[in-house]
Amino acid sequence: MARRIIYITACIVCILIYGITGARSLYITNIILIILPILSAVYTYIAKSGIKIQFLEKTNTYIRGGVTNLSVVAENVYITPVANLNIVVVYQFNNLRETTSKTQEITIAGMNQCPFDIDCMLSHSGCLTIDMTASYMYDPMKLFKFRLSNIKEHVLHIMPILVNPDYYGMYTSYDTIIDAKEYSKTRKGEDISEIFDIRSYVHGDSLNRVHWKLSAKEDTLMVKELSQPVNHNHCIIIDVVNANSDIERSYIDGVYELAYALGNIACLKEKHFQLAFYKMQQNDLIFLEIFNLDELSEAMRLLIREKSCENNITAASLLALSSFSFDKIYYVTNAESDILYDLDNIECETEIYIVGNDKEAGNICSLNNVTIFYIDCNDISYGLSVTSI
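Per my numbering, residue 81 is the first one in the sequence shown, and the count goes up by one each step.
This is the structure:
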């Protein structure tokens with residue numbers, strides 16, 4: 081703005097002096113002062129469409145926590161003497177109402193590539209949108225500025241931290257029973273009491289099935305084929321309510337991490353389950369079949385793309401009014417509501433995990449078919465110690 085005021089003032093002074101003196105040199109100077117910025121502005125307006133900004137990272141998935149440094153390159157396909165770029169970076173989490181922005185000024189000369197770095201705080205799980213569409217370019221005289229074209233939003237998936245269970249205490253007596261309640265005695269599958277066949281190891285086989293003595297004898301990994309397990313229809317439901325503060329936002333991080341850890345335990349135990357969450361576009365619950373950790377990770381990416389609900393416990397409302405049938409439900413949320421107690425009326429057994437502050441952590445509330453656990457968002461390992469998954 082200061083440059084414009086000075087420039088306009090200089091033009092007005094030259095015009096006044098020329099009007100008083102009639103000097104020819106001032107007449108030529110006035111023409112140059114008017115034409116030069118116009119040509120500069122037209123040139124910059126054309127050149128701005130040729131500048132592209134590209135991220136160099138090969139992945140857009142990161143783990144929550146700390147700061148990451150993203151490498152970006154601004155390319156100029158036109159021969160510009162000086163391209164004064166102001167890169168306005170706006171950060172927006174899908175679960176946060178507020179935005180954070182900063183401005184970086186870089187200079188591109190000629191057809192060179194100009195690399196620069198963007199530091200991002202990855203303190204929360206979710207989708208982090210990096211918006212640079214507000215970036216602009218000055219003309220060489222820095223009198224006019226124009227918004228850049230060819231810039232798209234860049235989305236990062238910030239995954240929750242995967243908390244590993246206590247492997248020694250992960251298997252309960254319920255997991256090791258060998259009667260027909262848990263395993264079929266007539267079909268091949270995973271009954272630890274019966275070995276129907278032995279074959280060579282295939283990538284993806286559980287190490288729990290390796291026949292170590294025979295493998296040492298054959299000098300190659302051999303695995304046991306066991307009996308077919310009884311199919312249990314289990315479901316992990318994630319329900320996040322919008323956060324109004326950074327502290328409450330940490331509760332949502334705890335929900336993601338607890339659900340991720342519960343699913344991981346199920347995968348380690350080779351238990352098939354469904355993962356469900358509320359999808360705004362469909363205004364309904366979406367159910368995803370999970371058979372391994374890769375499918376669980378992809379399901380978590382889909383989950384963190386969804387925005388949290390403004391209020392109430394949406395998934396519980398839909399579940400209580402629906403005809404879904406499960407043997408057991410593991411319900412993880414960051415808010416407590418009377419609607420949760422309506423789940424006691426459905427026929428299946430339900431474990432509810434309410435992730436919040438440490439004041440309520442460790443409390444347990446038992447109803448007929450529902451058990452409610454209060455989990456500290458900073459210590460979700462407690463949820464892993466009490467779960468029956």
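Even for Gly, the Cβ is constructed at its ideal location relative to N, Cα and C. Note that the structure is predicted; figures quoted are calculated from it, not measured.
Rounded distance between the beta-carbons of residue j and residue i, thought under 8 Å
{"i": "residue 469", "j": "residue 346", "result": "6 Å"}
{"i": "residue 174", "j": "residue 222", "result": "About 37 Å; that fails the 8 Å criterion."}
{"i": "residue 122", "j": "residue 136", "result": "Not quite, the Cβ-Cβ distance comes to about 32 Å (not below 8 Å), so this is no contact."}
{"i": "residue 358", "j": "residue 319", "result": "7 Å"}
{"i": "residue 245", "j": "residue 464", "result": "5 Å"}
{"i": "residue 130", "j": "residue 202", "result": "Contact doesn't hold; Cβ gap of about 32 Å is too wide."}
{"i": "residue 243", "j": "residue 341", "result": "5 Å"}
{"i": "residue 434", "j": "residue 452", "result": "6 Å"}
{"i": "residue 316", "j": "residue 339", "result": "6 Å"}
{"i": "residue 384", "j": "residue 321", "result": "No, residue 384 and residue 321 are not in contact; Cβ-Cβ is about 15 Å, not under 8 Å."}
{"i": "residue 166", "j": "residue 215", "result": "6 Å"}
{"i": "residue 209", "j": "residue 231", "result": "That pair is no contact at about 13 Å."}
{"i": "residue 300", "j": "residue 286", "result": "Rounded, the Cβ-Cβ distance is 17 Å, inconsistent with contact."}
Collapsed DSSP secondary structure at residue i in the structure displayed
{"i": "residue 202", "result": "coil"}
{"i": "residue 462", "result": "helix"}
{"i": "residue 369", "result": "strand"}
{"i": "residue 418", "result": "helix"}
{"i": "residue 305", "result": "strand"}
{"i": "residue 267", "result": "Here residue 267 scores only 43 on pLDDT, less than 50, and its place in the model should not be relied on; the value that follows carries that caveat. Of the three classes helix, strand and coil, the one that applies to residue 267 here is strand, per DSSP."}
{"i": "residue 410", "result": "strand"}
{"i": "residue 457", "result": "coil"}
{"i": "residue 336", "result": "helix"}
{"i": "residue 148", "result": "strand"}
{"i": "residue 316", "result": "strand"}
{"i": "residue 325", "result": "coil"}
{"i": "residue 364", "result": "strand"}
{"i": "residue 253", "result": "Residue placement at residue 253 is poorly supported in this model, since its pLDDT is 48, which falls under 50; the coordinates still yield a value, given next. If DSSP states are grouped into helix, strand and coil, residue 253 belongs with the helices."}
{"i": "residue 435", "result": "strand"}
{"i": "residue 197", "result": "strand"}
Inter-residue spacing [alpha-carbon to alpha-carbon] between residue i and residue j
{"i": "residue 288", "j": "residue 303", "result": "9 Å"}
{"i": "residue 144", "j": "residue 237", "result": "9 Å"}
{"i": "residue 186", "j": "residue 206", "result": "30 Å"}
{"i": "residue 183", "j": "residue 171", "result": "12 Å"}
{"i": "residue 79", "j": "residue 372", "result": "No information on residue 79 is available, as it lies outside the stretch 81 to 469 that the chain covers here."}
{"i": "residue 234", "j": "residue 104", "result": "55 Å"}
{"i": "residue 466", "j": "residue 455", "result": "10 Å"}
{"i": "residue 361", "j": "residue 404", "result": "20 Å"}
{"i": "residue 179", "j": "residue 323", "result": "14 Å"}
{"i": "residue 367", "j": "residue 313", "result": "12 Å"}
{"i": "residue 294", "j": "residue 278", "result": "9 Å"}
{"i": "residue 365", "j": "residue 128", "result": "45 Å"}
{"i": "residue 442", "j": "residue 140", "result": "36 Å"}
{"i": "residue 191", "j": "residue 155", "result": "7 Å"}
{"i": "residue 188", "j": "residue 370", "result": "49 Å"}
{"i": "residue 97", "j": "residue 83", "result": "21 Å"}
{"i": "residue 168", "j": "residue 93", "result": "36 Å"}
{"i": "residue 228", "j": "residue 217", "result": "7 Å"}
{"i": "residue 125", "j": "residue 87", "result": "20 Å"}
{"i": "residue 407", "j": "residue 430", "result": "9 Å"}
{"i": "residue 117", "j": "residue 226", "result": "14 Å"}
{"i": "residue 239", "j": "residue 460", "result": "16 Å"}
{"i": "residue 444", "j": "residue 241", "result": "25 Å"}
{"i": "residue 331", "j": "residue 440", "result": "13 Å"}
{"i": "residue 142", "j": "residue 449", "result": "38 Å"}
{"i": "residue 476", "j": "residue 458", "result": "A query on residue 476 cannot be resolved here, the shown segment of the chain reaching from 81 to 469 and no further."}
{"i": "residue 309", "j": "residue 351", "result": "Residue placement at residue 309 is flagged as unreliable, the pLDDT there being 49, under the threshold of 50; the coordinate-derived value follows with that caveat. Approximately 9 Å, taken between the alpha carbons."}
{"i": "residue 438", "j": "residue 329", "result": "15 Å"}
{"i": "residue 119", "j": "residue 193", "result": "25 Å"}
{"i": "residue 325", "j": "residue 420", "result": "23 Å"}
{"i": "residue 211", "j": "residue 382", "result": "21 Å"}
{"i": "residue 353", "j": "residue 374", "result": "14 Å"}
{"i": "residue 90", "j": "residue 386", "result": "55 Å"}
{"i": "residue 95", "j": "residue 224", "result": "22 Å"}
{"i": "residue 85", "j": "residue 219", "result": "16 Å"}
{"i": "residue 291", "j": "residue 283", "result": "15 Å"}
{"i": "residue 388", "j": "residue 395", "result": "11 Å"}
Residues that residue i bridges to, as DSSP identifies them
{"i": "residue 450", "result": "430"}
{"i": "residue 170", "result": "181 and 211"}
{"i": "residue 225", "result": "218"}
{"i": "residue 132", "result": "155"}
{"i": "residue 141", "result": "237"}
{"i": "residue 187", "result": "164"}
{"i": "residue 444", "result": "453"}
{"i": "residue 279", "result": "303"}
{"i": "residue 290", "result": "303"}
Check whether the segment 328 to 346 touches the segment 406 to 419, counting contact only when three or more Cβ pairs, one atom from each stretch, lie closer than 8 Å. yes
Touch check for the segment 375 to 384 and the segment 398 to 408: three-plus C-beta pairs under 8 Å? no
Do the segment 128 to 135 and the segment 108 to 119 make contact, defined as three or more Cβ pairs closer than 8 Å? no
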